[in-house]
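**Student:** For the sequence shown, this note's numbering assigns the number 16 to the initial residue and increments by one for each residue that follows.
Take a look at this one; I'll ask things after.
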Amino acid sequence: MTPKICTPAEAARLIPDGGTVAVCGCLSLLEPDAVLRGIEARFLTEGHPRDLTVVHPVMVGGRKGSGINRLAHDGLMRRVIGGSFSIFPDYEITGMIKQGRVEAYNLPIGTILHWLRESGAGRPGLLTGVGLHTYVDPRVEGARANEAARGALAEVVTLAGREWLFYPSVRVDAAIIRGTSADPLGNISVEHEPASLGIYALAVAAKHSGGAVVAQVKQRVEAGSVHPRLTVVPGRLVDAIVVEPAQPQTLGGERPELTGEVRLLLDPEPVPGTVASAIARRAMQEIRDDQLVNLGYGIPAMIPALGFPQKLHERVAFSTEHGPVGGLPDGMATFGASANPDLLMDSSLVFDLYDGGLLDVTLLGLAQADQEGNVNVSKFAHMAPGSGGFCNICDRTRKIVFCGTFTAGGLDEEIADGRLTIRKEGTVKKFVSRVEQITLSGRAAYAKGQEVLYITERAVFRLTERGLAITEIAPGIEPARDLLPHMEFPVAIPPDVPLMDAALFRGAPV
(Lines of atoms letter the chains of each structure in order from A and count residues from 1; the text may use other names and numbers.)
(Lines give C-alpha, C1' and ligand atoms only; values in the text may rest on other atoms or scores of the structure.)
Protein backbone atom coordinates (compact mmCIF):
# COMPACT_ATOMS: atom_id res chain seq x y z
CA MET A 1 0.00 0.00 0.00
CA THR A 2 1.34 3.44 -0.92
CA PRO A 3 1.51 5.75 2.11
CA LYS A 4 -0.81 8.72 2.18
CA ILE A 5 0.62 12.22 1.91
CA CYS A 6 -1.13 14.21 4.60
CA THR A 7 -1.04 17.33 6.72
CA PRO A 8 -0.06 17.36 10.40
CA ALA A 9 -3.75 17.73 11.26
CA GLU A 10 -4.65 14.65 9.22
CA ALA A 11 -1.78 12.67 10.73
CA ALA A 12 -3.02 13.52 14.22
CA ARG A 13 -6.25 11.62 13.50
CA LEU A 14 -4.25 8.39 13.23
CA ILE A 15 -3.45 8.55 16.95
CA PRO A 16 -6.09 6.67 18.98
CA ASP A 17 -7.34 7.63 22.42
CA GLY A 18 -5.58 5.60 25.11
CA GLY A 19 -2.91 4.48 22.67
CA THR A 20 0.82 3.98 23.10
CA VAL A 21 2.82 6.30 20.85
CA ALA A 22 6.56 5.94 20.18
CA VAL A 23 8.35 9.15 19.18
CA CYS A 24 11.85 9.52 17.72
CA GLY A 25 14.34 12.32 18.22
CA CYS A 26 17.20 13.57 20.37
CA LEU A 27 16.69 17.18 21.41
CA SER A 28 16.58 18.89 18.00
CA LEU A 29 18.11 15.96 16.08
CA LEU A 30 15.50 14.10 14.02
CA GLU A 31 12.70 15.96 15.81
CA PRO A 32 9.28 15.32 14.15
CA ASP A 33 7.94 18.61 15.45
CA ALA A 34 5.37 19.26 12.71
CA VAL A 35 3.53 16.02 13.50
CA LEU A 36 3.67 16.66 17.24
CA ARG A 37 2.35 20.18 16.61
CA GLY A 38 -0.59 18.66 14.75
CA ILE A 39 -1.40 16.32 17.65
CA GLU A 40 -1.25 19.19 20.12
CA ALA A 41 -3.50 21.38 17.97
CA ARG A 42 -6.11 18.65 17.60
CA PHE A 43 -6.16 18.01 21.35
CA LEU A 44 -6.52 21.70 22.18
CA THR A 45 -9.38 22.00 19.68
CA GLU A 46 -11.22 18.68 20.03
CA GLY A 47 -9.92 17.09 23.24
CA HIS A 48 -8.50 14.16 21.28
CA PRO A 49 -6.35 12.13 21.25
CA ARG A 50 -6.24 11.73 25.01
CA ASP A 51 -4.82 9.48 27.73
CA LEU A 52 -1.76 8.57 25.66
CA THR A 53 1.26 6.59 26.79
CA VAL A 54 4.24 8.26 25.13
CA VAL A 55 7.48 6.32 24.67
CA HIS A 56 10.56 8.26 23.60
CA PRO A 57 14.07 6.75 23.78
CA VAL A 58 15.65 10.21 24.13
CA MET A 59 14.30 13.62 25.13
CA VAL A 60 12.64 15.08 22.02
CA GLY A 61 12.68 18.86 21.62
CA GLY A 62 15.53 21.32 21.74
CA ARG A 63 13.54 24.24 23.11
CA LYS A 64 10.54 25.09 25.26
CA GLY A 65 7.23 24.35 23.55
CA SER A 66 8.67 21.91 21.02
CA GLY A 67 8.96 18.15 20.75
CA ILE A 68 7.53 16.16 23.66
CA ASN A 69 6.67 19.45 25.36
CA ARG A 70 3.81 19.76 22.85
CA LEU A 71 2.20 16.68 24.38
CA ALA A 72 2.56 17.90 27.98
CA HIS A 73 -1.11 18.76 28.48
CA ASP A 74 -3.37 17.37 31.19
CA GLY A 75 -5.60 14.78 29.59
CA LEU A 76 -3.50 14.34 26.46
CA MET A 77 -0.71 12.31 28.07
CA ARG A 78 -1.40 9.82 30.86
CA ARG A 79 1.98 8.09 31.02
CA VAL A 80 5.46 8.82 29.69
CA ILE A 81 8.33 6.34 29.36
CA GLY A 82 11.49 8.20 28.43
CA GLY A 83 15.20 7.54 28.21
CA SER A 84 15.89 11.11 29.25
CA PHE A 85 13.97 14.22 30.18
CA SER A 86 14.86 17.89 30.19
CA ILE A 87 17.14 19.54 32.73
CA PHE A 88 15.39 22.87 32.16
CA PRO A 89 12.72 23.68 34.77
CA ASP A 90 10.65 25.79 32.36
CA TYR A 91 10.12 22.92 29.91
CA GLU A 92 6.49 21.82 29.99
CA ILE A 93 7.31 18.11 30.38
CA THR A 94 9.59 18.91 33.35
CA GLY A 95 6.80 20.60 35.28
CA MET A 96 4.30 17.89 34.41
CA ILE A 97 6.58 15.14 35.77
CA LYS A 98 7.62 17.09 38.86
CA GLN A 99 4.02 17.92 39.77
CA GLY A 100 2.87 14.32 39.32
CA ARG A 101 0.41 15.16 36.55
CA VAL A 102 1.66 12.23 34.46
CA GLU A 103 2.94 8.77 35.35
CA ALA A 104 6.64 8.98 34.50
CA TYR A 105 9.18 6.20 34.02
CA ASN A 106 12.83 6.55 33.08
CA LEU A 107 14.41 3.59 31.29
CA PRO A 108 17.87 3.50 29.70
CA ILE A 109 17.89 4.57 26.04
CA GLY A 110 19.26 1.24 24.85
CA THR A 111 16.67 -0.66 26.86
CA ILE A 112 13.82 1.25 25.21
CA LEU A 113 15.22 0.76 21.71
CA HIS A 114 15.84 -2.96 22.23
CA TRP A 115 12.44 -3.37 23.93
CA LEU A 116 10.74 -1.89 20.87
CA ARG A 117 12.89 -3.98 18.54
CA GLU A 118 12.01 -7.22 20.37
CA SER A 119 8.34 -6.25 20.40
CA GLY A 120 8.40 -5.56 16.68
CA ALA A 121 10.04 -8.92 16.00
CA GLY A 122 7.18 -10.73 17.70
CA ARG A 123 9.31 -12.07 20.53
CA PRO A 124 7.96 -12.34 24.08
CA GLY A 125 9.99 -9.42 25.36
CA LEU A 126 13.43 -8.07 26.19
CA LEU A 127 15.87 -9.88 28.45
CA THR A 128 18.74 -7.66 29.61
CA GLY A 129 21.21 -7.27 32.42
CA VAL A 130 21.33 -3.50 32.02
CA GLY A 131 19.94 -1.74 35.08
CA LEU A 132 20.30 -4.52 37.63
CA HIS A 133 21.08 -3.11 41.11
CA THR A 134 20.32 0.44 39.93
CA TYR A 135 17.19 2.57 40.17
CA VAL A 136 15.85 0.60 37.16
CA ASP A 137 15.73 -2.65 39.16
CA PRO A 138 12.18 -3.30 40.49
CA ARG A 139 13.76 -4.17 43.85
CA VAL A 140 15.17 -0.63 44.02
CA GLU A 141 12.87 1.94 42.36
CA GLY A 142 11.51 0.15 39.32
CA ALA A 143 12.48 3.04 37.01
CA ARG A 144 9.74 5.23 38.48
CA ALA A 145 10.51 8.91 37.85
CA ASN A 146 7.80 10.34 40.12
CA GLU A 147 5.25 9.32 42.75
CA ALA A 148 2.45 9.13 40.19
CA ALA A 149 4.07 6.06 38.65
CA ARG A 150 2.89 2.79 40.14
CA GLY A 151 4.43 -0.61 39.69
CA ALA A 152 7.43 -1.57 37.58
CA LEU A 153 7.86 -2.19 33.87
CA ALA A 154 10.20 -5.17 34.32
CA GLU A 155 10.59 -8.19 36.55
CA VAL A 156 13.72 -9.94 37.76
CA VAL A 157 14.09 -13.46 36.36
CA THR A 158 16.83 -16.09 36.62
CA LEU A 159 18.09 -17.79 33.48
CA ALA A 160 21.30 -19.71 32.80
CA GLY A 161 22.41 -19.20 36.37
CA ARG A 162 22.17 -15.40 36.51
CA GLU A 163 19.67 -12.62 37.04
CA TRP A 164 18.11 -10.60 34.24
CA LEU A 165 15.49 -7.91 33.84
CA PHE A 166 12.60 -9.04 31.65
CA TYR A 167 10.35 -6.51 29.89
CA PRO A 168 7.25 -8.12 28.33
CA SER A 169 6.60 -7.02 24.75
CA VAL A 170 4.73 -3.75 24.43
CA ARG A 171 1.89 -2.88 22.07
CA VAL A 172 2.63 0.29 20.07
CA ASP A 173 -0.41 1.93 18.48
CA ALA A 174 1.50 4.59 16.57
CA ALA A 175 5.09 5.52 15.77
CA ILE A 176 6.11 9.06 14.85
CA ILE A 177 9.43 9.12 13.04
CA ARG A 178 11.42 11.54 10.91
CA GLY A 179 13.73 11.32 7.93
CA THR A 180 14.99 13.48 5.10
CA SER A 181 13.19 12.10 2.04
CA ALA A 182 10.30 9.86 1.04
CA ASP A 183 10.08 8.25 -2.38
CA PRO A 184 6.80 7.27 -4.13
CA LEU A 185 6.78 3.91 -2.31
CA GLY A 186 7.15 5.59 1.08
CA ASN A 187 10.74 4.51 1.68
CA ILE A 188 12.27 6.86 4.26
CA SER A 189 15.90 7.93 3.93
CA VAL A 190 18.16 9.94 6.24
CA GLU A 191 20.75 11.45 3.90
CA HIS A 192 20.70 14.88 5.58
CA GLU A 193 20.40 13.66 9.18
CA PRO A 194 23.29 13.27 11.65
CA ALA A 195 21.72 10.11 13.13
CA SER A 196 18.89 7.65 12.52
CA LEU A 197 18.11 7.14 16.24
CA GLY A 198 16.38 3.77 16.00
CA ILE A 199 13.50 4.87 13.77
CA TYR A 200 13.27 1.40 12.22
CA ALA A 201 12.75 -0.16 15.67
CA LEU A 202 9.94 2.30 16.40
CA ALA A 203 8.28 1.69 13.04
CA VAL A 204 8.41 -2.10 13.14
CA ALA A 205 7.08 -2.15 16.72
CA ALA A 206 4.02 -0.16 15.65
CA LYS A 207 3.47 -2.16 12.48
CA HIS A 208 3.68 -5.49 14.31
CA SER A 209 0.98 -4.22 16.70
CA GLY A 210 -1.29 -3.17 13.85
CA GLY A 211 -0.58 0.48 14.60
CA ALA A 212 0.11 3.43 12.33
CA VAL A 213 3.51 4.77 11.30
CA VAL A 214 3.71 8.49 10.53
CA ALA A 215 6.90 9.80 8.95
CA GLN A 216 7.82 13.47 8.76
CA VAL A 217 10.25 14.31 5.95
CA LYS A 218 11.76 17.38 4.35
CA GLN A 219 11.01 16.40 0.77
CA ARG A 220 9.53 13.90 -1.66
CA VAL A 221 11.92 12.46 -4.23
CA GLU A 222 11.76 10.30 -7.33
CA ALA A 223 12.12 6.54 -7.02
CA GLY A 224 15.76 5.48 -7.08
CA SER A 225 17.14 8.97 -6.46
CA VAL A 226 18.44 8.10 -2.97
CA HIS A 227 21.10 5.44 -2.47
CA PRO A 228 19.47 2.31 -0.99
CA ARG A 229 22.00 2.29 1.88
CA LEU A 230 20.58 5.60 3.09
CA THR A 231 17.03 4.25 3.23
CA VAL A 232 16.38 2.95 6.74
CA VAL A 233 12.60 2.43 6.89
CA PRO A 234 10.88 0.53 4.07
CA GLY A 235 7.73 2.08 2.66
CA ARG A 236 5.60 -0.95 3.47
CA LEU A 237 5.94 0.01 7.15
CA VAL A 238 4.80 3.60 6.59
CA ASP A 239 1.13 4.66 6.62
CA ALA A 240 1.34 8.44 6.35
CA ILE A 241 3.91 11.01 5.28
CA VAL A 242 3.98 14.63 6.42
CA VAL A 243 6.17 16.86 4.25
CA GLU A 244 7.75 19.74 6.19
CA PRO A 245 10.17 21.61 3.88
CA ALA A 246 11.21 23.95 6.70
CA GLN A 247 12.29 21.23 9.11
CA PRO A 248 15.77 22.13 10.41
CA GLN A 249 18.54 19.57 10.53
CA THR A 250 19.13 20.70 14.13
CA LEU A 251 18.92 23.97 16.03
CA GLY A 252 22.54 24.42 14.96
CA GLY A 253 21.53 24.79 11.31
CA GLU A 254 22.50 22.76 8.26
CA ARG A 255 25.91 21.15 8.71
CA PRO A 256 26.78 18.57 6.04
CA GLU A 257 29.95 17.54 7.88
CA LEU A 258 27.69 15.89 10.50
CA THR A 259 26.02 13.61 7.95
CA GLY A 260 29.02 12.41 5.95
CA GLU A 261 28.09 14.49 2.91
CA VAL A 262 31.39 16.38 3.13
CA ARG A 263 34.56 16.17 5.22
CA LEU A 264 35.68 19.59 6.37
CA LEU A 265 39.10 20.74 7.52
CA LEU A 266 38.45 20.89 11.25
CA ASP A 267 39.90 23.59 13.46
CA PRO A 268 38.03 23.79 16.78
CA GLU A 269 38.40 26.82 19.00
CA PRO A 270 41.16 26.46 21.62
CA VAL A 271 39.83 25.54 25.05
CA PRO A 272 40.70 28.11 27.74
CA GLY A 273 42.49 27.03 30.89
CA THR A 274 39.63 26.65 33.36
CA VAL A 275 38.84 24.33 36.24
CA ALA A 276 36.57 22.31 33.95
CA SER A 277 39.26 21.96 31.31
CA ALA A 278 41.75 20.84 33.99
CA ILE A 279 39.36 18.02 34.92
CA ALA A 280 38.93 17.11 31.26
CA ARG A 281 42.72 17.11 30.73
CA ARG A 282 43.19 14.72 33.64
CA ALA A 283 40.45 12.46 32.31
CA MET A 284 42.10 12.49 28.89
CA GLN A 285 45.13 10.81 30.47
CA GLU A 286 43.00 7.68 30.90
CA ILE A 287 42.59 7.27 27.13
CA ARG A 288 44.95 5.04 25.15
CA ASP A 289 45.62 4.89 21.42
CA ASP A 290 43.38 2.64 19.30
CA GLN A 291 40.60 2.57 21.89
CA LEU A 292 36.87 2.91 21.30
CA VAL A 293 35.92 5.88 23.49
CA ASN A 294 32.50 7.11 24.57
CA LEU A 295 32.09 10.67 25.80
CA GLY A 296 29.21 11.93 27.90
CA TYR A 297 27.61 15.34 28.29
CA GLY A 298 29.27 18.23 30.11
CA ILE A 299 32.98 18.21 30.97
CA PRO A 300 33.80 15.07 28.91
CA ALA A 301 32.46 16.82 25.80
CA MET A 302 35.46 19.18 26.04
CA ILE A 303 37.95 16.37 25.38
CA PRO A 304 37.80 16.28 21.54
CA ALA A 305 38.75 19.96 21.30
CA LEU A 306 41.37 19.64 24.05
CA GLY A 307 42.97 16.68 22.32
CA PHE A 308 42.77 18.11 18.83
CA PRO A 309 46.30 19.61 18.77
CA GLN A 310 47.64 16.12 19.59
CA LYS A 311 45.36 14.59 16.92
CA LEU A 312 43.58 12.51 19.55
CA HIS A 313 40.58 12.09 17.22
CA GLU A 314 42.87 10.29 14.74
CA ARG A 315 44.44 8.04 17.38
CA VAL A 316 41.19 6.80 18.94
CA ALA A 317 37.64 6.21 17.71
CA PHE A 318 35.16 8.43 19.50
CA SER A 319 31.68 6.94 19.76
CA THR A 320 28.37 8.41 20.89
CA GLU A 321 25.37 6.28 21.72
CA HIS A 322 23.37 8.10 19.07
CA GLY A 323 25.33 6.62 16.17
CA PRO A 324 28.53 8.34 15.00
CA VAL A 325 31.83 6.48 15.24
CA GLY A 326 35.05 8.37 14.57
CA GLY A 327 35.42 12.01 13.72
CA LEU A 328 35.09 14.84 16.22
CA PRO A 329 32.06 14.69 18.55
CA ASP A 330 30.14 17.94 18.47
CA GLY A 331 29.39 20.29 21.34
CA MET A 332 26.35 21.02 23.42
CA ALA A 333 23.93 22.37 20.79
CA THR A 334 24.17 19.24 18.64
CA PHE A 335 25.40 16.76 21.25
CA GLY A 336 25.19 13.24 19.81
CA ALA A 337 26.43 14.25 16.36
CA SER A 338 30.04 14.18 15.14
CA ALA A 339 31.89 16.15 12.49
CA ASN A 340 33.56 14.00 9.81
CA PRO A 341 32.32 10.65 11.20
CA ASP A 342 33.90 7.47 9.85
CA LEU A 343 30.53 5.74 9.97
CA LEU A 344 27.01 6.36 11.21
CA MET A 345 25.48 3.40 13.05
CA ASP A 346 21.88 3.16 14.12
CA SER A 347 21.48 3.77 17.85
CA SER A 348 20.06 0.31 18.49
CA LEU A 349 23.21 -1.24 16.99
CA VAL A 350 25.49 1.01 19.03
CA PHE A 351 23.81 -0.29 22.17
CA ASP A 352 24.37 -3.87 21.01
CA LEU A 353 28.06 -3.00 20.92
CA TYR A 354 28.00 -1.31 24.33
CA ASP A 355 25.89 -3.99 26.01
CA GLY A 356 28.31 -6.58 24.64
CA GLY A 357 31.25 -5.04 26.49
CA LEU A 358 33.12 -3.85 23.40
CA LEU A 359 33.60 -0.27 24.60
CA ASP A 360 37.10 0.32 25.98
CA VAL A 361 36.54 3.44 28.04
CA THR A 362 33.78 5.91 28.78
CA LEU A 363 34.13 9.38 30.27
CA LEU A 364 30.94 10.67 31.87
CA GLY A 365 29.60 13.47 34.03
CA LEU A 366 29.21 13.25 37.80
CA ALA A 367 26.40 14.66 39.94
CA GLN A 368 26.76 12.59 43.13
CA ALA A 369 28.93 9.76 44.45
CA ASP A 370 28.90 7.99 47.80
CA GLN A 371 31.22 5.88 49.94
CA GLU A 372 30.28 2.63 48.16
CA GLY A 373 31.14 4.14 44.79
CA ASN A 374 27.51 4.48 43.73
CA VAL A 375 26.97 7.26 41.21
CA ASN A 376 23.90 9.37 40.52
CA VAL A 377 23.45 11.34 37.32
CA SER A 378 19.71 10.85 36.87
CA LYS A 379 17.97 12.60 39.79
CA PHE A 380 19.33 15.46 41.87
CA ALA A 381 18.57 18.96 43.18
CA HIS A 382 14.84 18.58 42.49
CA MET A 383 15.55 17.69 38.86
CA ALA A 384 15.09 14.33 37.18
CA PRO A 385 16.81 14.50 33.78
CA GLY A 386 16.97 10.73 33.57
CA SER A 387 19.85 8.41 32.85
CA GLY A 388 19.95 8.58 29.05
CA GLY A 389 22.40 5.99 27.75
CA PHE A 390 24.36 5.93 31.03
CA CYS A 391 23.24 2.50 32.30
CA ASN A 392 23.94 0.79 28.98
CA ILE A 393 27.29 2.54 28.63
CA CYS A 394 28.44 1.60 32.13
CA ASP A 395 27.09 -1.93 32.30
CA ARG A 396 30.09 -3.74 30.79
CA THR A 397 32.62 -1.07 29.79
CA ARG A 398 36.11 -1.92 31.00
CA LYS A 399 37.07 1.51 32.32
CA ILE A 400 34.62 4.15 33.56
CA VAL A 401 35.84 7.67 34.27
CA PHE A 402 33.53 10.15 35.99
CA CYS A 403 34.29 13.86 35.66
CA GLY A 404 32.95 16.72 37.75
CA THR A 405 33.77 19.48 40.18
CA PHE A 406 34.14 18.47 43.82
CA THR A 407 31.22 20.65 44.95
CA ALA A 408 28.66 22.80 43.14
CA GLY A 409 26.39 25.77 43.77
CA GLY A 410 28.26 29.07 43.80
CA LEU A 411 31.68 27.39 43.64
CA ASP A 412 34.48 29.84 42.76
CA GLU A 413 37.97 28.48 42.08
CA GLU A 414 41.12 29.84 40.51
CA ILE A 415 44.00 28.11 38.78
CA ALA A 416 47.32 29.89 38.50
CA ASP A 417 50.97 28.84 38.35
CA GLY A 418 49.99 25.18 38.25
CA ARG A 419 48.02 25.34 41.51
CA LEU A 420 44.35 25.33 42.48
CA THR A 421 42.87 27.81 44.95
CA ILE A 422 39.34 27.66 46.40
CA ARG A 423 38.06 31.24 46.63
CA LYS A 424 34.48 30.37 47.56
CA GLU A 425 33.25 26.92 48.47
CA GLY A 426 30.23 25.43 46.72
CA THR A 427 27.05 25.00 48.74
CA VAL A 428 26.17 21.61 47.24
CA LYS A 429 28.17 18.55 48.25
CA LYS A 430 28.64 15.92 45.56
CA PHE A 431 30.36 13.27 47.68
CA VAL A 432 27.46 12.32 49.92
CA SER A 433 26.66 9.64 52.47
CA ARG A 434 24.17 8.08 50.07
CA VAL A 435 23.32 9.13 46.53
CA GLU A 436 19.78 10.27 45.90
CA GLN A 437 19.42 7.69 43.13
CA ILE A 438 21.66 4.79 42.10
CA THR A 439 22.44 5.15 38.41
CA LEU A 440 25.59 3.05 38.79
CA SER A 441 26.09 0.50 41.55
CA GLY A 442 29.65 0.65 42.86
CA ARG A 443 29.47 -2.84 44.33
CA ALA A 444 28.18 -4.32 41.08
CA ALA A 445 30.88 -2.55 39.05
CA TYR A 446 33.63 -3.78 41.36
CA ALA A 447 32.25 -7.32 41.28
CA LYS A 448 32.40 -7.25 37.47
CA GLY A 449 36.05 -6.21 37.56
CA GLN A 450 35.48 -2.77 36.08
CA GLU A 451 38.00 0.01 36.68
CA VAL A 452 36.17 3.09 37.96
CA LEU A 453 37.73 6.53 38.52
CA TYR A 454 36.17 9.73 39.89
CA ILE A 455 38.12 12.77 38.69
CA THR A 456 37.56 16.17 40.25
CA GLU A 457 39.64 19.33 40.21
CA ARG A 458 40.82 18.66 43.79
CA ALA A 459 41.44 14.93 43.86
CA VAL A 460 41.19 11.67 41.95
CA PHE A 461 39.31 8.79 43.56
CA ARG A 462 39.35 5.11 42.62
CA LEU A 463 36.76 2.42 43.36
CA THR A 464 38.15 -0.31 45.61
CA GLU A 465 36.71 -3.27 47.47
CA ARG A 466 36.08 -1.00 50.46
CA GLY A 467 34.65 1.89 48.47
CA LEU A 468 36.33 5.11 47.36
CA ALA A 469 40.03 5.77 47.89
CA ILE A 470 42.00 8.93 47.06
CA THR A 471 44.87 8.32 44.65
CA GLU A 472 45.90 11.88 43.69
CA ILE A 473 45.51 15.40 45.08
CA ALA A 474 45.74 18.66 43.17
CA PRO A 475 48.62 21.05 43.83
CA GLY A 476 47.51 23.73 46.29
CA ILE A 477 44.86 21.57 47.96
CA GLU A 478 45.00 20.91 51.72
CA PRO A 479 42.90 17.79 52.44
CA ALA A 480 41.97 18.87 55.97
CA ARG A 481 40.70 22.19 54.63
CA ASP A 482 39.57 21.59 51.06
CA LEU A 483 38.47 17.93 50.93
CA LEU A 484 37.40 16.19 54.12
CA PRO A 485 35.06 18.90 55.50
CA HIS A 486 33.15 18.95 52.24
CA MET A 487 32.45 15.21 52.03
CA GLU A 488 29.75 13.33 53.93
CA PHE A 489 31.87 10.24 54.52
CA PRO A 490 35.44 9.61 55.69
CA VAL A 491 38.14 8.65 53.24
CA ALA A 492 41.71 7.61 53.95
CA ILE A 493 44.48 9.72 52.44
CA PRO A 494 47.85 7.96 52.13
CA PRO A 495 50.74 10.06 53.48
CA ASP A 496 52.60 9.65 50.19
CA VAL A 497 49.61 10.36 47.92
CA PRO A 498 50.96 11.82 44.65
CA LEU A 499 50.03 15.20 43.26
CA MET A 500 48.10 15.64 40.05
CA ASP A 501 50.31 16.89 37.22
CA ALA A 502 50.74 20.67 37.57
CA ALA A 503 50.56 20.93 33.76
CA LEU A 504 46.84 20.20 34.05
CA PHE A 505 46.40 23.54 35.78
CA ARG A 506 48.51 25.50 33.34
CA GLY A 507 46.54 24.56 30.23
CA ALA A 508 49.60 22.82 28.82
CA PRO A 509 49.35 19.65 26.68
CA VAL A 510 49.31 16.44 28.72
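Glycine included, each C-beta is placed from N, C-alpha and C at the ideal position.
Kindly identify the DSSP beta-bridge partner or partners of Lys-349.
**Tutor:** Residue identity differs from the one stated: residue 349 is Thr in this sequence, not Lys. Note: Thr-349 sits in no beta bridge, so no partner.
**Student:** What does DSSP give as the partner residue(s) for Thr-377 in the beta ladder?
**Tutor:** Asn-309 and Ile-415
**Student:** With a Cβ-Cβ cutoff of 9 Å, do Ala-484 and Phe-446 count as a contact?
**Tutor:** no
**Student:** Is the distance from the Cβ of Tyr-469 to the Cβ of Leu-381 below 9 Å?
**Tutor:** yes
**Student:** Measure the beta-carbon distance from His-501 to Thr-422 and round it to whole angstroms, keeping in mind my assumption that it falls under 8 Å.
**Tutor:** 6 Å
**Student:** Please state whether the Cβ-Cβ distance between Asn-407 and Pro-123 is less than 9 Å.
**Tutor:** yes
**Student:** Given a cut-off of 9 Å, decide if Glu-487 and Val-512 are closer than it, judged by their beta-carbon atoms.
**Tutor:** Contact: yes.
**Student:** Could you check how far apart the C-beta atoms of Arg-434 and Phe-520 are, in whole angstroms? I think they sit under 8 Å.
**Tutor:** Contact annotation, Arg-434 with Phe-520: C-beta distance approximately 6 Å; criterion of less than 8 Å satisfied.
**Student:** Measuring alpha carbon to alpha carbon, tell me which residue in Gly-135, Glu-451 and Ile-415 is nearest Tyr-461.
**Tutor:** Ile-415
**Student:** Looking at Ala-158 and Ala-169, is the spacing between their C-beta atoms short of 9 Å?
**Tutor:** yes
**Student:** Between which two residues does the alpha helix (DSSP H) harbouring Arg-297 extend?
**Tutor:** 290-299
**Student:** Just to confirm my understanding: we take Val-151, look at its own chain, exclude 5 residues before and 5 after, and list those with CB closer than 6 Å. What are they?
**Tutor:** Closer than 6 Å at the Cβ level, and outside the excluded window around Val-151, lie Ala-158.
**Student:** Using 9 Å as the threshold, is the C-beta distance between Leu-217 and Val-228 below it?
**Tutor:** yes
**Student:** For Ser-362, name the three-state secondary structure that DSSP assigns.
**Tutor:** helix
**Student:** Can you give me the C-alpha to C-alpha distance between Leu-343 and Phe-103, rounded to a whole angstrom?
**Tutor:** 27 Å
**Student:** Using a Cβ distance threshold of 8 Å, determine whether the segment 132-142 contacts the segment 183-190, with at least three qualifying pairs required.
**Tutor:** yes
**Student:** Opposite Tyr-461 in the DSSP bridges: which residues?
**Tutor:** DSSP output for Tyr-461 lists no bridge partner at all.
**Student:** Going by DSSP, what residue range makes up the alpha helix (DSSP H) through Ile-112?
**Tutor:** 107-113
**Student:** Rounding to the nearest angstrom, what Cα-Cα distance links Met-398 and Ser-99 in this structure?
**Tutor:** Cα to Cα, the separation comes out at about 12 Å.
**Student:** Please classify Gly-71: does DSSP put it in a helix, a strand, or coil?
**Tutor:** Reading the sequence as shown, one finds His at residue 71 and not Gly. If DSSP states are grouped into helix, strand and coil, His-71 belongs with the strands.
**Student:** With Leu-131 as the anchor, note down where its alpha helix (DSSP H) starts and where it stops.
**Tutor:** 124-135
**Student:** Classify Pro-315 as helix, strand or coil using the three-state DSSP reduction.
**Tutor:** Helix at Pro-315.
**Student:** In whole angstroms, what is the alpha-carbon distance linking Pro-315 and Glu-25?
**Tutor:** The alpha-carbon atoms of Pro-315 and Glu-25 are separated by roughly 43 Å.
**Student:** Is the separation between the beta-carbon of Asp-188 and that of Gly-226 shorter than 9 Å?
**Tutor:** yes
**Student:** Counting beta carbon pairs with one atom in the segment 55-63 and one in the segment 352-361, are three or more of them shorter than 8 Å?
**Tutor:** no
**Student:** Please confirm whether any heavy atom of the ligand SAH lies closer than 8 Å to the CB of Gly-388.
**Tutor:** In the structure shown, the ligand SAH is absent, as is every other ligand, since no ligand is present at all.
**Student:** For Ala-221, which three-state DSSP category applies?
**Tutor:** helix
**Student:** Taking the beta strand (DSSP E) that Gly-97 falls in, what are its first and last residues?
**Tutor:** 92-97
**Student:** Closer than 7 Å by C-beta to Leu-252: which residues in its own chain qualify, once you throw out the five before and the five after it? Chain order, please.
**Tutor:** Ala-218, Val-219, Lys-222 and Val-228
**Student:** Put Pro-183 into one of helix, strand or coil per three-state DSSP.
**Tutor:** strand
**Student:** Give the DSSP-derived three-state secondary structure of Gly-250 in the structure shown.
**Tutor:** Here Gly-250 sits in helix by DSSP.
**Student:** Quick one: grab the DSSP three-state call for Gly-140.
**Tutor:** strand
**Student:** Take every Cβ of the segment 277-284, pair it with every Cβ of the segment 241-256, and state whether three or more of those distances are shorter than 8 Å.
**Tutor:** The segment 277-284 is not in contact with the segment 241-256.
**Student:** Would you grab the beta carbon distance between Gly-425 and Gly-441 for me? Rounded to a whole angstrom, and I think it's under 8 Å.
**Tutor:** 6 Å
**Student:** Please name the residue in Pro-199, Ala-332, Val-286 and Gly-194 whose C-alpha comes closest to that of Thr-274.
**Tutor:** Gly-194
**Student:** Considering Phe-58, what are the terminal residues of the alpha helix (DSSP H) in which it resides?
**Tutor:** 48-61
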